[in-house]
Each structure stands twice: as C-alpha cells, then as structure tokens.
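Trainee: Below: one structure in structure tokens.
Rendered as structure tokens:
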C-alpha cells in the first residue's frame, strides 16, 4: 500500500471515530435533558396531587376567597393536562400554577386559624418540600440543557448535531410575575 492511501484511510478512520463519539455524546446529553425533565415531571405530579387536598382543607376557612381557590383549581387542571408532555407545553401551565399558588399562600397569611390547623400545616409543609424538590430538579434540568445546547452550538460538534437533527432544548424559566419581589407587611 502506498503511504498516501494509508494516510487517507487513517484520516477516514479518525473522522469516523470522531463522528461516532460526537454523536454518542449528543445522544447522552439529549437523554440527560429528557431525564432531567422526567425528574421535574415526577415532582410536578406530586404537587398536582397535593393541591386538591390543600384546597379542600382551606375551602371552609376562606369563604371570601373563592376566586383565588377557583384560579388555583383551574391552573392545576391546565397543568395536569400537560402531564407526560414536553417542557414546551408544560412550562406555561406550571408557571400559571406557581402564580396561583403564590396568591393562595399570601392570602392564607391573613387567616390565623387556618395557619394553626394541623392538616393545613402538614399539607403546606409537604407542598413546600415539593416546591424545593422542583427547584432542585429545575436546576439539574437547566444544567443539562446548557450542556446539550453548548454541544449543539459549538464547532465542530454543531456540524454533527445539524447532520443528525439535534436541536436546542428549552430552559425551565420562571416568568416575570415570579421574579417580582414579594411585598411583606408586618401590620
């Protein structure tokens, strides 16, 4: 064999190894993003299951706040309808539910008897724990999205990504209402 043939074969073998390893890395990153979303999905399911119990428990105490309770129930229904779907469909519904829950929690502060109720306290603690888990899962998911998106955009892996149809993943972002600083009144 001639030296030039050996060099060409060597370059093709190296290129093949590069394509395979880059493709496998992109698949691993895509699966990591999917797994991250599934972890969020598990926590969101837990949240969806806790909300009806909380609403039923506080309903009697909050007779004048039926509109807020209705908003929580409607937001939960929209969020439940997106279970098993991707982040693009679930994120807006979950943001709406977070906003409705925030209103409910703020209103509950005005009801001392409600805050003292053992069932409400237990449900609030479980919901708070679930919200913390969701926050942790969001962070893991967004880290996975960042790694995947970086690989999809970086040269030369972007060529392989484009060739095999790898796309950007959506970040789990909070909406502007959740970013607002809460108003706290001590009066």
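In this note's numbering, the protein residues as written are 818 to 1004. Beta carbons: idealized from backbone N, C-alpha and C, even for Gly.
1. Less than 8 Å between C-beta atoms, sequence neighbours within five positions excluded: which residues of the same chain meet that for residue 1004?
2. Are the region 893-913 and the region 863-882 touching by the rule of at least three beta carbon pairs closer than 8 Å?
3. Among 980, 944, 818, which residue has its Cα nearest to the Cα of residue 837?
4. For residue 973, is the classification buried or exposed, using 16 other Cβ atoms within 10 angstroms of its Cβ as the cut-off for buried?
5. State the Cα-Cα distance for the pair residue 919 and residue 849, rounded to the nearest angstrom.
6. Any contact between the region 938-953 and the region 823-830? By contact I mean 3 or more CB pairs, one from each, below 8 Å.
7. So is residue 860 buried or exposed if we call it buried at 16+ other beta carbons inside 10 Å?
8. What did DSSP end up calling residue 885 once you bin it into helix, strand or coil?
9. CB residue 987 to CB residue 846, shorter than 8 Å?
10. Could you tell me the alpha carbon to alpha carbon distance between residue 928 and residue 914, rounded to whole angstroms?
11. DSSP state of residue 930, grouped into three classes?
Mentor: A quick look at the data gives this:
1. Confidence at residue 1004 is low in this model, with a pLDDT of 39, below 50, so the placement of that residue should be treated as unreliable; the coordinate-derived value is given next. So the list is empty, once near-sequence residues are dropped.
2. yes
3. Of the candidates 980, 944, 818, the one whose C-alpha sits nearest the C-alpha of residue 837 is 980.
4. Answer is exposed; the Cβ neighbour count stays below 16.
5. 30 Å
6. no
7. buried
8. helix
9. In this structure, residue 846 does not lie closer than 8 Å to residue 987 by Cβ.
10. Annotation: residue 928 to residue 914 spans about 22 Å, alpha carbon to alpha carbon.
11. helix
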